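Per the numbering used here, the sequence shown starts with residue 11, numbered consecutively.
For each residue, glycine too, the CB sits at the ideal point set by N, CA and C.
Just so it is clear, the structure is predicted and the values come from calculations on it, not from any experiment.
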Amino acid sequence: MNPMEIDVTNIILLVLLILIMIYLVYDSYIKKPRKKTYVVRELLTCTKCKFNVERDFEPGDFIGIIKGKCPSCGGDLKLKAIYAVEKK
Ligand SMILES: [Zn+2]
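Shown next as structure tokens:
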């Protein structure tokens with residue numbers, strides 16, 4: 011076998027390998043932004059005036075817990091709902 015032929019075959023294989031690697035990196039790079047991330051929020055409602063406050067969920071919170079005071083009337087804020095929303 012001619013040594014030059016071996017070199018050409020090796021170069022072709024190397025180029026193919028590089029193309030496959032670029033494809034794999036490109037593919038995983040493109041897929042990443044599609045992955046949706048969620049953030050957990052909680053809805054607090056005033057027991058007196060029905061004032062609503064939405065804030066980030068804190069571990070240990072549960073529906074029905076009294077959390078803080080209403081900024082509008084000073085009444086108790088009760089946790090009404092816990093839910094996940096898509097992160098922007
Ligand atoms: Zn209130």
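By the Cβ-count criterion, Glu68 is exposed, with fewer than 16 other Cβ atoms from all chains shown falling within 10 Å of its own Cβ. Counted as a single uninterrupted DSSP element, the beta strand (DSSP E) harbouring Glu52 occupies residues Tyr48 to Cys56. Environment of ligand 1, chain-ordered: Cys56, Lys58, Cys59, Phe61, Cys80, Ser82, Cys83 and Gly85, taking every residue with Cβ within less than 5 Å of a heavy atom.
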